[in-house]
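J.: Got a structure here, written out as structure tokens. Questions coming.
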Amino acid sequence: MKKLLTLALCACMLFACVACGGGNSGAEPQKSNTETESAAGGNTVVIAIGAGFSTLDPGRVYEKYPPLVVNACYENLFKFYSNDGGAEPCLADSYEFSDDGLTLTVKLKDAKFASGNPVTSADVQFSIERCRNLQDNPSFICDTIGSIDTPDEKTVVFHLTQVDSAILSKLTYSSLAVLDSAVVKEHGGTDAVDAVTADSAADFLNTTSAGSGMYVMTSYTPDEEIVLEKNANYWGTPTNVDKYIIKIQPDSNTQMMTLSTGDIDVAMNMTDDTMAELSGVAGVELMNSATKTVSFVMMNMNSSIGGPVSDPHVQQAIRLALDYAGIQTIVGEGCITPYDVIQDGFMGSKGERPASYTNVDAAKEELAKSPYPNGFDIDLTVCDLDMEGVALTDLAQKVKADLAPIGINVNIVSQPWAAGYGDAYRDGTLGMTVMYWGTDYNDPNVQLEFLPGKTVGLRAGWTAAMDPTLSAKYDETMAATDNAERIRVLGEVQDMMYENGPFAFIAQAPAHIGFNTRLSGVEISDPYALDLTLINVK
Amino acid sequence: MEQLKFIARRLVYLALMLFGVATIVFLLSRLAGDPVTANLSQRALSDPAVVEAYRARYGLDKPMLTQYLYYIRNLLQLDLGTSIRTNNPVLQELGRCYPATIELALFSILIASVFGILFGIVSAVRRNSALDQTVRAISVTGVSIPSFWFALLMLFVFYYKLRLLPGPGRLSNAFSAPAHVTGLYVLDSLLEGDGAKAADALRHLILPSFVLAAFTMGLITRTTRSNLLDVMSTDYIRTARSKGLTGHALVIRHALGNALIPVLTVIGLGLGNLLGGMVLVETIFNWPGVGQFAYQSVMSVDFPSVIGVSLLIALNYMVINTVVDILYGAIDPRVRCR
């Protein structure tokens with residue numbers, strides 16, 4: 001028996017030796033992040049992102065994190081260099097609209113791809129036509145681009161199907177990143193109309209990059225990590241970061257610990273709780289900021305579907321009864337309540353809805369004007385998705401609690417997104433729901449889909465005929481290529497929807513980032529999650 | 539000859555079972571939801587052309603029976619289809635994530651078996667002593683403790699606070715993945731001749747392995763203890779005692795062999811369980827194994843991948859059970875005779 005115990009002790013010692021071996025003892029823990037350098041001797045920065053993703057092919061990307069990689073490895077004609085700014089030329093040298101706003105002519109800079117090939121107008125045309133013809137998630141972004149001409153190697157002419165005040169913003173979108181067409185074609189890429197079946201470049205573009213960006217993707221292990229290294233042929237001025245290792249770490253507690261120990265430099269998937277844990281930790285800086293992802297209560301305008309909530313007085317009573325400050329607490333630090341349909345931070349936004357807007361007495365008075373003065377029972381269908389980590393069911397519970405004091409008894413019905421809810425939501429057959437909307441591209445025009453007769457409006461049974469004046473604002477906004485005019489029209493849209501229509505916008509979700517103070521230039525970015533081309537090691 | 543017949547019979551069972559699993563999972567997965575809704579963005583769902591193209595790409599536009607027949611035909615050609623989520627062949631995806639799970643599972647089962655049998659023996663021999671009570675408390679804790687909580691606790695104490703062990707992932711940032719030979723990083727690093735990388739990979743295995751081993755180790759300890767106590771009270775052990783045999787000679791040479799047969803079943807089931815992937819522990823330790831892949835596939839209603847993982851898990855259990863049955867015969871010749 002003594003021998004058995006000795007054997008057990010030996011095994012324990014062996015594990016202890018392995019655990020503490022290799023220069024990784026308690027006295028000398030993991031390499032601190034101030035010492036982290038690439039094998040080549042340059043600066044290496046390690047970033048942890050949340051969930052994995054399905055593709056890194058620019059023509060197909062639509063999820064949250066791929067733009068972080070695409071923006072580092074590729075470039076677009078235009079780019080958002082700051083989160084609150086407008087689209088500025090990137091590969092574009094200059095641009096001009098025709099008088100009727102239907103033609104956009106872009107002159108290209110003398111840039112080159114990582115392969116050494118020059119960036120030409122043919123590459124721009126190829127990239128945009130490929131995105132359109134792949135008929136995948138982001139193809140809608142090309143909807144207003146009728147055709148593209150390339151009169152010479154450095155000139156691209158876009159013929160638009162309608163005046164589109166958001167076209168420059170759309171051209172910043174990761175899916176319209178300019179690809180090295182020669183390289184992509186070599187690996188099965190095509191921009192032909194049958195690209196949906198003929199293109200086979202996705203495998204290639206999932207494991208390497210073919211752009212003109214500051215970095216090139218050197219490896220991608222799905223659900224594990226992506227490695228980016230400096231593009232030796234980069235035509236612009238690079239930062240001093242030589243290598244990025246992007247780790248996929250879905251758990252926020254794990255990110256909190258790895259940031260604290262210096263194994264990572266930036267934690268992108270933090271929560272309120274994990275941010276609190278990091279508060280006061282030396283060498284770690286925290287950042288909370290509202291994103292443009294917005295949650296809303298939808299009340300169907302079709303009385304046969306919405307029932308009581310299709311009544312305008314009921315809708316207004318609900319808007320007044322919601323406790324927006326309480327919702328902000330649930331969503332977390334950095335959350336704000338948008339004034340209305342245009343999120344705070346977008347051009348033309350009227351900012352935030354005042355906290356004092358909540359007024360239960362006024363809500364009761366408003367309800368008294370409706371055919372349901374004593375309240376009613378209603379089903380609120382909610383799905384299993386979350387908005388930036390906040391479960392929609394939590395928001396539905398809060399809505400239920402807020403409406404009870406005015407006599408509206410909400411019955412929450414849960415339904416999986418992929419097993420019924422998604423179809424019902426898309427078909428406009430939900431009477432009342434809590435849902436969220438992430439911006440497809442970084443421009444206020446994306447919110448025009450909430451107008452009567454448009455995609456989201458119709459999901460709420462809101463037809464153009466129900467509010468022709470507001471519906472007409474869609475074309476007016478699209479045509480407003482002058483910024484001042486655009487701000488004016490967007491202001492009108494917000495005023496018209498402030499206390500009118502089937503939507504109550506309840507929260508703009510926050511993003512939480514923790515990062516090592518050895519870095520500068522770390523900023524939350526709506527279009528790219530994080531702009532790696534702006535980060536330097538101090 | 540008997541052994542060969544036995545294996546052949548098992549292989550027939552295996553084929554039938556895999557067919558059954560494929561059919562059941564195929565039908566169930568069709569009830570679980572619509573992959574189009576799960577994988578297209580809200581905006582893309584509003585475009586009928588995009589939805590139609592998506593359905594056509596994955597054969598979802600065909601009647602369910604046709605889809606099923608195609609699937610079974612492809613399955614017979616060892617083609618598990620293409621993942622709807624990643625657009626890669628499912629076999630390739632499984633080939634990517636399975637080695638990570640195998641490495642973790644083997645290390646876990648090794649820890650669980652060594653310590654579980656050892657603790658079981660100690661506990662049985664020192665029955666009702668303080669040592670026995672302690673070992674039983676440990677085994678009950680191991681079986682009862684929620685793995686996700688234990689994982690976070692271990693990470694918090696040994697990585698975050700004490701900094702004794704490395705954090706999540708399979709390798710430290712200083713190392714790149716070894717060239718793929720087996721997909722097992724420790725082995726591949728050794729084949730590369732990089733001892734430091736192999737040691738680093740081994741250190742990364744310790745925390746998740748212990749977390750995963752806790753449950754199986756508890757079961758093995760309890761099974762070893764109870765079976766050893768049963769065997770120790772049998773006539774032949776009494777006879778051996780009367781002949782003057784004591785100590786480890788009695789326990790190890792005479793009693794343990796018979797007591798280990800049920801333990802082998804527990805180890806086999808434990809290994810099968812571990813090879814199926816552990817979603818929460820893999821997520822917390824950032825371990826890119828089958829569990830994470832299965833979770834992502836379910837969330838994306840990725841039919842081909844879900845079926846692929848189900849077949850893999852069924853295959854694991856079948857193969858392990860067959861091996862366990864063969865080992866029964868090796869340990870106890872009476873089993874071979876039946």
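Keeping their order, the protein sequence lines are chains A and B.
Mapping of the first sequence onto my numbering: position 13 corresponds to residue 13, and the numbering continues sequentially without gaps.
Mapping of the second sequence onto my numbering: position 157 corresponds to residue 695, and the numbering continues sequentially without gaps.
Glycine included, every Cβ here is placed at the ideal spot set by N, Cα and C.
#1: When the Cα atoms are used, what is the spatial distance from B/Ala734 to B/Leu632?
#2: Please determine if the region 75-89 of chain A and the region 177-194 of chain A are in contact, where contact requires at least 3 C-beta pairs separated by less than 8 Å.
#3: Mind checking the region 625-648 of chain B against chain A and listing, in chain order, the residues whose C-beta falls within less than 9 Å of any C-beta there?
#4: Tell me, please, whether the CB atom of A/Arg518 is closer than 9 Å to any CB atom in chain B?
#5: At the 9 Å Cβ level, is B/Ala587 part of the contact set with chain A, yes or no?
#6: Please confirm if A/Asp440 has its CB atom under 9 Å from at least one CB of chain B.
#7: Using beta-carbon positions only, say whether A/Val522 and A/Val241 come within less than 9 Å of one another.
#8: Answer yes or no: does any C-beta atom of chain A fall closer than 9 Å to that of B/Ala576?
#9: Less than 9 Å between CB atoms is the rule here; does B/Gln830 satisfy it with respect to chain A?
#10: Go through its chain and collect everything with a Cβ distance to A/Ile145's Cβ below 6 Å, but skip five positions before and after it.
#11: Report back the beta-carbon spacing between A/Asp123 and A/Lys107 to the nearest angstrom; my notes put them in contact at under 8 Å.
#12: What does A/Lys247 touch in chain B if you count any residue whose Cβ is under 9 Å from its own?
#13: Would you kindly work out how many angstroms separate the C-alpha atoms of A/Val489 and A/Thr337, rounded to a whole number?
#14: In the structure shown, what three-state DSSP assignment does A/Ile513 receive?
#15: Sort out for me which residues DSSP pairs B/Phe748 with in a bridge.
#16: Taking 8 Å as the threshold, find out whether the region 594-604 of chain B comes into contact with the region 445-458 of chain A through three or more Cβ pairs.
#17: Using a Cβ-Cβ cut-off of 6 Å (strictly less than) and excluding sequence neighbours within five positions of A/Gln125, which residues of its own chain qualify?
#18: Assign A/Asp467 to buried or exposed, taking buried as 16 or more other Cβ atoms, counted over all protein chains shown, within 10 Å of its Cβ.
#19: Which residues in the same chain have their Cβ closer than 6 Å to the Cβ of A/Ser370, if we skip the five residues on either side of it in sequence?
#20: Looking at the secondary structure, which residues open and close the alpha helix (DSSP H) in which A/Asp152 lies?
#21: How many whole angstroms separate the CB atoms of B/Val819 and B/Ala689, which I take to be in contact at a CB cut-off of 8 Å?
#22: Looking at the secondary structure, which residues open and close the beta strand (DSSP E) in which A/Met299 lies?
#23: Hey, does A/Glu352 have any beta-carbon neighbour from chain B nearer than 9 Å?
#24: Tell me whether A/Thr44 sits in a helix, a strand or coil according to DSSP, three-state version.
#25: So what's A/Tyr95 in DSSP terms, helix, strand or just coil?
#26: Establish whether the CB of A/Met257 and some CB of chain B are separated by less than 9 Å.
#27: Anything in the region 112-130 of chain A with a Cβ closer than 8 Å to a Cβ of chain B? List those residues in chain order, please.
#28: Closest Cβ-Cβ distance between B/Ser843 and chain A: below 9 Å?
#29: Write down the C-beta distance between A/Ala396 and A/Val382 rounded to the nearest angstrom, noting that I regard them as a contact closer than 8 Å.
#30: Verify whether the separation of the beta carbon atoms of A/Leu228 and A/Leu259 is less than 9 Å.
#31: Identify whether A/His159 lies in helix, strand or coil by the three-state DSSP scheme.
#32: Label A/Gly375 either buried or exposed according to how many other C-beta atoms from any shown protein chain fall within 10 Å of its C-beta, with 16 as the threshold for buried.
#33: Taking 9 Å as the threshold (beta carbon to beta carbon), is A/Asn253 in contact with chain B?
#34: DSSP three-state label for A/Asn76, please.
#35: For A/Gly457, I'd like the list of residues in its chain whose CB is within less than 6 Å of its CB, leaving aside the five on either flank, ordered along the chain.
#36: Look at the alpha carbon of B/Gly827 and the alpha carbon of A/Ser304, and state the distance between them as a whole number of angstroms.
T.: This is what the structure gives:
#1: B/Ala734 and B/Leu632: Cα-Cα distance of roughly 28 Å.
#2: Taking a cut-off of 8 Å for Cβ pairs, the region 75-89 of chain A and the region 177-194 of chain A touch, as three or more such pairs fall below it.
#3: Of all residues in the region 625-648 of chain B, only Asn625, Asn626, Glu631, Arg634, Cys635, Ala638 place a beta-carbon less than 9 Å from a beta-carbon of chain A.
#4: False, the Cβ-Cβ gap to chain B never drops below 9 Å.
#5: Interface annotation, B/Ala587: in contact with chain A, CB-CB separation under 9 Å.
#6: Cβ-Cβ to chain B under 9 Å: yes for A/Asp440.
#7: Contact flag unset, no.
#8: B/Ala576 has a beta carbon lying within less than 9 Å of a beta carbon in chain A.
#9: By this cut-off, B/Gln830 is an interface position.
#10: Closer than 6 Å at Cβ, skipping near neighbours: Phe158.
#11: Approximately 14 Å separates the beta-carbon atoms of A/Asp123 and A/Lys107; this is outside 8 Å, ruling out the contact.
#12: Those within 9 Å of A/Lys247 in chain B are Pro706, Gly707, Asn711, Asn824.
#13: For A/Val489 and A/Thr337, the distance between alpha carbons rounds to 21 Å.
#14: Correct three-state label for A/Ile513: strand.
#15: Note: B/Phe748 sits in no beta bridge, so no partner.
#16: Between the region 594-604 of chain B and the region 445-458 of chain A, the count of Cβ pairs shorter than 8 Å is below three; the stretches do not touch.
#17: Once the five neighbours on either side are set aside, the close Cβ partners of A/Gln125 are Ile148, Thr150.
#18: By the 16-neighbour rule on beta-carbons within 10 angstroms, A/Asp467 is buried.
#19: Excluding five sequence positions before and after A/Ser370, the CB atoms of its chain that fall closer than 6 Å to its own CB belong to Asp311, His313, Val314, given in chain order.
#20: Bounds of any alpha helix (DSSP H) do not take in A/Asp152; it lies within the beta strand (DSSP E) bounded by 145-152.
#21: In this structure B/Val819 touches B/Ala689 by the C-beta definition: roughly 5 Å separates them, less than 8 Å.
#22: It spans 284-299 - the beta strand (DSSP E) in which A/Met299 sits, taken as one unbroken run.
#23: Residue-level contact by beta carbon fails for A/Glu352 and chain B, as no gap is shorter than 9 Å.
#24: Annotated three-state conformation of A/Thr44 is strand, per DSSP.
#25: Looking at A/Tyr95 - three-state DSSP - the assignment turns out to be strand.
#26: Chain B contact via Cβ: present.
#27: Here the close residues number zero.
#28: Closer than 9 Å: no.
#29: By a beta-carbon distance limit of 8 Å, A/Ala396 contacts A/Val382. Their separation comes to about 4 Å.
#30: Result no, Cβ atoms of A/Leu228 and A/Leu259 do not sit closer than 9 Å.
#31: Assignment of A/His159 by DSSP, reduced to helix, strand and coil, places it in the strand class.
#32: With 16 or more other Cβ atoms within 10 Å, it is buried.
#33: Flagged as an interface residue toward chain B: A/Asn253, by a C-beta distance shorter than 9 Å.
#34: DSSP places A/Asn76 in coil when its eight states are reduced to three.
#35: Excluding sequence neighbours, A/Gly457 sits near Phe450, Leu451.
#36: So the two alpha carbons sit approximately 49 Å from each other.
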